[in-house]
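Enquirer: In this text, residue positions in the sequence shown follow the numbering used here: the first is 44, and each later residue adds one.
All C-beta atoms in this analysis are idealised placements derived from N, C-alpha and C, irrespective of residue type, glycine included.
Keep in mind that this is a model prediction, so the values were computed, not measured.
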Amino acid sequence: MFFGLLPIMWASGTGSDVMKRIAAPLVGGILTSFLLELAVYPPLYQIWKWRDLKRTLPS
44 MFFGLLPIMW ASGTGSDVMK RIAAPLVGGI LTSFLLELAV YPPLYQIWKW RDLKRTLPS
């Protein structure tokens with residue numbers, strides 16, 4: 044889906060101004076989601092589980 048939207052982003056023909064407004068947020072959302080899933084969510088999950096485990100284990 045991402046690669047299918049890239050030609051729309053750089054199109055210059057009739058109606059491209061409307062399609063660019065649709066494609067740009069979609070491309071941004073896909074990239075943001077991809078980066079969050081690979082770089083942000085796993086460390087947050089590990090921190091959350093570590094704190095939960097630390098709280099439940101006896102000292």
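1. By the DSSP assignment, the alpha helix (DSSP H) with A66 in it spans what residues?
2. Quick one: Cα of D95 to Cα of P101, how far?
3. Considering L87, what are the terminal residues of the alpha helix (DSSP H) in which it resides?
4. Cα separation between A54 and G72?
5. Quick check: L48 and A66, are their CB atoms within less than 7 Å of each other?
Expert: Short version:
1. S59 to L78
2. 12 Å
3. Taken as a continuous stretch (DSSP letters only), the alpha helix (DSSP H) holding L87 covers Y84 to T99.
4. One alpha carbon belongs to A54, the other to G72, and they sit about 20 Å apart.
5. yes
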